[in-house]
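Residue numbers (this note's numbering), protein chains in the order written: chain A, 93 to 201; chain B, 775 to 887.
Backbone N, C-alpha and C define an ideal beta-carbon position, used for all residues, glycine too.
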C-alpha cells in the first residue's frame, strides 16, 4: 500500500521560517509535490521534486530525499497570508496523485 | 484563476437523489481528475480520465460514475445520495498524465440533506 505522513498543525509568527515535513511509503515513486489550500479555496500547486535536493521558488523551497522517502516544504519570511493548509502528494507510475492529510499552518502577528 | 471551471458552485439536494457535476479543463489539458474533500479532511482521489479514457480509479463508490467527453470536459455523476456524500468535489486537469502538476478548479460544494 501507500501512506504519507505530515504533521497536522504548525504555528509560527510573521517573519519566521517554518518547515513542514512529509514522509511517504509507496511503490513506483515518481516525485513529491506540494499544494497550498486556503480555507474554502482550491488547492494550488507550489512545487514538485523528482530528484534529490532542494528546489527554491521565492520564499518557498522544497526538498526531497528519495533514499529516506522524505521531503519537506520550507517557508521563509512568513506572512499572514501564508496561513493555509499544505499538502504533500506523491505521484506514482499509476497515474494517481496520492495526497497526505495536510498540515494546517497558522501564522500569528 | 487556474483556468479550470466547475459548475455548479453550490448544490443542495436530498438523500436518494442524483446530481451531475461538470468540469472543463484548462485549454490543451488532456487529463481530468476528480477528488472528494470532506470537512477538515484531505483530498481523496476518485478517478482520472485521459483523453476520454479512464486511466485510474481511487476510492470511488459504485454509486458514483464519471466520463470524459470528446471535447475533454468531464462529468461526475453521484446517485442514491447519502448524508455522508456532503463534501467539496474538486476537479483538476493536467497536460498529460499529470505526475507533476495538476491545476484545480474552484470546486463544487455539495450538501445532502
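- Taking a 10 Å sphere around the C-beta of residue 141 of chain A, we find 16 or more other C-beta atoms and assign the residue as buried.
- In terms of beta-carbon proximity, residue 879 of chain B lines the interface with chain A, with at least one pair separated by less than 8 Å.
- Residue 173 of chain A is outside the set of residues whose beta carbon lies under 8 Å from a beta carbon in chain B.
- Among the bridge pairs identified by DSSP, residue 831 of chain B is matched with B:821.
- Three or more Cβ pairs closer than 8 Å define a contact, and the stretch 127-135 of chain A falls short of that threshold against the stretch 781-797 of chain B.
- Going by beta carbons, residue 115 of chain A and residue 162 of chain A fall inside the 8 Å limit.
- In its chain, beyond the 5 residues on either side, 111, 112, 113, 114, 154, 155 have a beta carbon closer than 8 Å to the beta carbon of residue 164 of chain A.
- The shortest C-alpha to C-alpha distance from residue 850 of chain B to any of B:857, B:841, B:858, B:856 is the one to B:841.
- Note that the C-beta distance between residue 832 of chain B and residue 813 of chain B is not below 8 Å.
- Residues 177, 179 of the same chain have their beta carbon placed closer than 6 Å to that of residue 194 of chain A, with the five preceding and five following residues left out of the count.
- When the five nearest sequence neighbours on each side are left out, the beta carbons in the same chain lying within less than 7 Å of the beta carbon of residue 856 of chain B are those of 789, 886, in order along the chain.
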